[in-house]
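Residue numbers (the numbering used here), protein chains in the order written: chain A, 18 to 426; chain B, 6 to 535; chain C, 52 to 184.
No residue lacks a Cβ here, since even glycine has one placed at the ideal position from N, Cα and C.
Bear in mind that the values here come from a model prediction, so they are computed numbers and not experimental data.
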Amino acid sequence: MNEKFILRKDHLTGFLRKLSKGHRLVAPVRNRYGDLMFQVIDSLETTDLDLSEQAQESPKAFFLPQEEVLFSYEASGGIYDFRPINNSEQTVYFGLRSCDISAILYMDVIFLRSPRDDHYMKKRKDSILISIGCNTPGENCFCNATRTGPFLEYGFDLQFTDLGDRFFVESGRARGDEIFSEWPQFFHPVTEEDVRLQYQLALEAKAGFRRQIHVEPAFSKLRDDAVDTAVWREMASRCDGCGGCAYICPTCTCFTIFDRMESTETGKRIRAWDSCTHAGFTRMAGGHNPVDMKIDALRRRFMHKLYYDYSAFRRPSCVGCGRCVDMCFGGVDIVKFIDIVCAGTRKRTRDSRRILGDLLLEAGLISRTDLEKALSRQADTGEALGKILMDLGLVTCAEILGVLSLENM
Amino acid sequence: MTNSIEELRGAEVIMVIGSNTTEAHPQVARRLVAAVDNGKNLIVIDPRRTAISEFADIHLQIRPGTDIPLLNAMMRIILDENLIDDVFIEMRTENFSSLRDSLYTMDLNELIAITGVTAEAIGQAARMYARAQKGVICYCLGITQHICGTGNVESIANLAMITGNVEQSFTGVNPLRGQNNVQGACDMGALPGVFPGYQPVQDLETRKKFERAWKKSLPENLGMTLMQMTHSGRDGQIRAMFIMGENPVLSDPHASLVKETLEGLDFLAVSDIFLTETAELADVVFPAASFAEKDGTVTNSERRVQLMRRAILPIGKCRTDSDIIMELSKRMGYRMDYEDMAEVMEEIALLTPIYGGIYHDRLEKDWGLQWPCTDRNHPGTPYLHKYSFTRGKGRFVPAEHHPPDESPDSEYPFLLMTGRVYHHYHTGTMTRTSEMLEREAPRAVLEIHPDDAGSLNIRKGDMVKISSKRGSIEIEAEPTTRVMKKSLYTSFNFRETPVNILTNPAMDPVAECPEYKICAVKVEKVGHNE
Amino acid sequence: MKHYLTTCCFCGCGCGLYLHVTNGRVVGSSPSRNHPVSRNNLCVKGWHIHEFIHDSGRLTRPLVRKNGTLVHTDWDEALELTAERLSGTISTHGSDAIGVVSSAKCTNEENYLLQKFTRAVLSTNNVDHCARL
């Protein structure tokens, strides 16, 4: 493993044609409207692959489809006949990004640990993953902060690096080595110059990020439960419940299951994407929802991405792909959340009156001097304002809850 | 809309009036939130505390049906404080003196008292909007679904014009259109008084033009409106109807009368994708193709004509509505031979000046074209009224307060408003079959102020019966301060709670838009739903 | 899986969305990143728009009322009967006894054809849709 070769760019199509014999080929293609998407390539002659930037959707849907039939059933004479469905096909994924590979590795953890998900496993076994490192990270990318890019050490079958007129190709798994040995005619030995150039490009890419995202400080804040309820409430009030952030997220794997009747005798069991930002995600049959959506609509999502998974796997389940950045109808994507959390209580609230300090001021529970004292201590310690005010003995927990619930009326 | 949706981000002050933007037009609300986060100002005028009102600098929670006095009060303040745009009024408008005179005859304090909002808040809003270099107004059905809907709209236009907030990008007046192609259906002349492109049927020259093109003599008299057709009762003038993709039994006010009218017809044909409440009454039902199964164009709220593309073949034996119409026409002795929808659009372009440059091949290349687009080289129009109004100069039409047709009284003490929910579309025929959308929003609730709920001993989850003069329905109550005391709110998307049984068919005399937003009802507790 | 760009049918915003099609079935939907309205996201209705298309409640065959109930029929009968009854109404009660309701949910072309049909074939201006509702 970790063999390295050079593939000339003008040989790429020929190489992919060989690979796609017996395999379906999935690669990024830009359509005439400018949208770049992973598509099944029917003909390499008539399709131009576009490796210039990250595709607008991750390849998640190929492994965990938006809607997937798990089995179909037919009843006759009160006896049900269940028919398993194979949704898998031998597939080569070409042009994945490091974030996409990292996300697939995360999905492996979710679906392949016990109890194993056979539908997912079949698709994974049938896949060859070929990634291309990001020489120039995109506008919203922050995989440097989540340590999932812009180049990877492992996880791929093959990783390509664009060296201008040629690709530097390295294998990460036995599958990759097999490809090298099956079609040796495409691959030339690497020179020292190639290795040096690849290393340099990977280094430069790391310096090319335009966003600085403080994932680890955010983790500490969440671990210490230092995020003010007012922040969660603000987040929740801005969430429309469109589900878009979860659907577009390459590591959001929550799904729901339902049976879709097609006639009185026949039907299908469907697994479909779900999102923790939907009220129905946790609402029980009797109508009670253990999660207060007015406060915690987004709490689970960010806790899961940045804290629970960090605790369990030492890395966040956010892979820094940036796809959810700027998509939120209420302006609360994960990057803004981290910014808000790490900036203490300097929240970008819609209305400064609603910040806890002002609410307490308004309610006559603290004076302006008290508030300023607490704020200056906050600037030093970064603690939550509510906690400081309580520590200073200025307000009680009940009083804080009181003004916040008034605010919620 | 006179602006594009994306332009809203660039406005300095945005005034939203009668629009539950977050739920009904999420993409518009997204731009409003972005504008607020960028330090722009937002004024929301709505009797309910809607999600978008939480983002507002000023929320004027007026009494339902008092938009005209509110707008008049704002204009009076603007006039008194000399915040008007003299140059704009002079150059681009007419009849200002009548508006000014009318405003001067009104008593400001009286106007303010009608609205139920403080003078201070109204003054703040008036100044904020008038002083903006780039001010935008968005309004929706909260303005039009009133007996005085036309007056409401004219008052909004008056306010925009006296402050000169009309003529450039990032300024303007934007009606947000409800359904996906309500703009297009109007543009295409699916209206009793106009041919495509708003060309009047009573204009001789226009009629001649269409007669020559269609090779038929065409009727001259104005047709009947939807409300006249569906509310004429069992023995109305209409004896046979063809309804394409609409569900008036659930969507029109005074639903029992609609049902009675349709049942009384000699013949009813309905084309739809589901067996709707209306289709159940039909003599013939055509299974139509859904949006995924046909080609064509639709026109959105910002006048953007866009392609709908066929993704799959019609399921089962379904056929597209265009197919059905062409077949019927042929069988009635008039051939319509169009190879595809692009050919229909070519005919539209020939006969409709505002669509004169819109062809399918052009739409393929870009994200659609915004009309007016008069010829093949015209780039489309992102914002209207750049150099002049459609009719030349903008005309001020003063309006006076017109109380709702039905006011609460001792028997029906509550005022009921109706609207929509985020998860469902119109009468829910499509969205309610979606497993996820149905899980998220399985039923309508009646919003009632906690004080009113308390005095009627109603708790969250209780079933209540609401009745108006026209009928009654049972619905689950949800006490909330989103509504004011003595007012109620619910949505019309659910067939189990067909709220249009209650609503008042009284309508604006010009626009014939029924007063969905206000009817008087009483509330009684009937049980607990658990 | 193939992606077809189309326009969402669930409100007047008019988002550009992709329908994902596998084996003749629409199995997913997603926003266009570059479309001027959708800009990489859809509301919850748009994200789930594929779910109604193949619903088992869809009408798939024409229906005609016989002895008071709606029963399946073929296209020929449904169309012929409708043409006949509309013509019959015109000859007994006149053109203005026919009302046509077009749809804000149908395309421009369909609305154009229906108002043309109403005016040129049925000879009445009794055509409207629910613009006001």
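In chain B, what lies closer than 7 Å to residue i by C-beta?
i	result
residue 174/C	224
residue 121/C	290
residue 275/A	440
Along chain A, in chain order, which residues have C-beta atoms closer than 8 Å to that of residue i?
i	result
residue 93/C	259 and 261
residue 31/B	257, 259 and 346
Compare the C-beta of residue i with all C-beta atoms of chain C and state if any pair is closer than 8 Å.
i	result
residue 10/B	yes
residue 138/B	no
residue 233/A	no
residue 393/A	no
residue 353/B	yes
residue 82/A	yes
residue 280/A	yes
residue 344/A	yes
residue 252/A	no
residue 339/B	yes
residue 138/A	no
Since residue i contacts residue j with CB under 8 Å, what's their CB separation in whole angstroms?
i	j	result
residue 257/A	residue 346/A	5 Å
residue 410/B	residue 287/B	No, residue 410/B and residue 287/B are not in contact; Cβ-Cβ is about 32 Å, not under 8 Å.
residue 516/B	residue 162/C	Incorrect: roughly 19 Å between the Cβ atoms, too far for contact.
residue 408/B	residue 70/B	7 Å
residue 157/A	residue 348/A	Between residue 348/A and residue 157/A the Cβ distance is about 14 Å, and since that is not below 8 Å, they are no contact.
Looking only at its own chain, which residues have a Cβ that is under 7 Å from the Cβ of residue i, when we skip the five neighbours before and after it?
i	result
residue 115/A	148, 150, 151, 160, 165, 166, 167, 168 and 169
residue 65/C	58, 59 and 88
residue 363/A	Only weak support is given to the placement of residue 363/A: the predicted model assigns it a pLDDT of 42, under 50, and the question is left unresolved by the model.
residue 70/A	53 and 155
Can you tell me which of the options puts its alpha carbon nearest to the alpha carbon of residue i?
i	options	result
residue 544/B	53/B, 356/B, 47/B and 527/B	One cannot answer for residue 544/B here, as it falls past the ends of chain B, which runs 6 to 535.
residue 216/A	177/A, 58/A and 94/A	177/A
residue 78/B	342/B, 406/B and 442/B	406/B
residue 85/B	257/B, 109/B and 416/B	109/B
residue 101/C	271/B, 64/B, 148/B and 295/B	295/B
residue 104/C	57/B, 74/B and 298/B	298/B
residue 381/B	364/B, 397/B and 371/B	364/B
residue 153/B	333/B, 449/B and 522/B	522/B
residue 74/A	94/A, 101/A and 113/A	113/A
residue 36/B	21/B, 14/B and 57/B	14/B
residue 323/B	110/C, 164/C, 150/C and 77/C	110/C
residue 253/B	19/B, 488/B, 431/B and 476/B	431/B
residue 412/A	380/A, 90/A and 332/A	380/A
Please decide whether residue i counts as near chain B, where near means a Cβ-Cβ distance under 8 Å.
i	result
residue 369/A	Low per-residue confidence applies at residue 369/A: pLDDT is 38, beneath 50, and the placement is therefore not dependable, though the value from the model is reported in the following sentence. Answer no: the Cβ-Cβ gap between residue 369/A and chain B never drops below 8 Å.
residue 82/C	no
residue 424/A	Caution applies to residue 424/A, whose pLDDT of 46 falls short of 50 and renders its modelled position unreliable; the value that the coordinates give is listed next. No, residue 424/A lies away from the interface with chain B (no Cβ there is under 8 Å from its Cβ).
residue 289/A	yes
residue 362/A	Reliability of the predicted coordinates at residue 362/A is poor, the pLDDT of 43 falling under 50, and no value is obtained from them.
residue 73/C	no
For residue i, I'd like the list of residues in its chain whose CB is within less than 6 Å of its CB, leaving aside the five on either flank, ordered along the chain.
i	result
residue 16/A	Here chain A has residues from 18 to 426 only, and residue 16/A is not among them.
residue 427/B	28
residue 105/A	139, 140 and 143
residue 504/B	423, 495 and 497
Are any of the Cβ atoms in chain A nearer than 8 Å to that of residue i?
i	result
residue 205/C	Residue 205/C cannot be examined here, being either before or after the span of chain C that is shown, 52 to 184.
residue 85/C	yes
residue 18/B	no
residue 88/C	no
residue 469/B	no
Against residue i, what residues of chain B qualify as contacts under a CB-to-CB distance less than 8 Å, listed in chain order?
i	result
residue 142/C	Residues of chain B passing the Cβ test: none, with the nearest at roughly 11 Å.
For a contact defined as C-beta to C-beta under 9 Å, what are the partners of residue i on chain A?
i	result
residue 544/B	Shown here, chain B extends from 6 to 535; a query on residue 544/B therefore has no answer.
I want to verify the contact list: residues of chain C whose CB lies under 7 Å from the CB of residue i, in sequence order.
i	result
residue 74/A	81
By the criterion of Cβ-Cβ separation under 8 Å, what are the contact partners of residue i in chain C?
i	result
residue 303/B	58, 60, 65, 158 and 159
Quick one: residues in its chain with C-beta nearer than 8 Å to the C-beta of residue i, no 5 flanking neighbours on either side, listed in chain order?
i	result
residue 227/B	197, 198, 206 and 207
residue 40/A	107, 108, 109 and 145
Checklist entry - When you check each C-beta in the stretch 183 to 215 of chain B against every C-beta of chain F, which residues fall closer than 8 Å? => result The structure shown contains no chain F; its protein chains are A, B and C.
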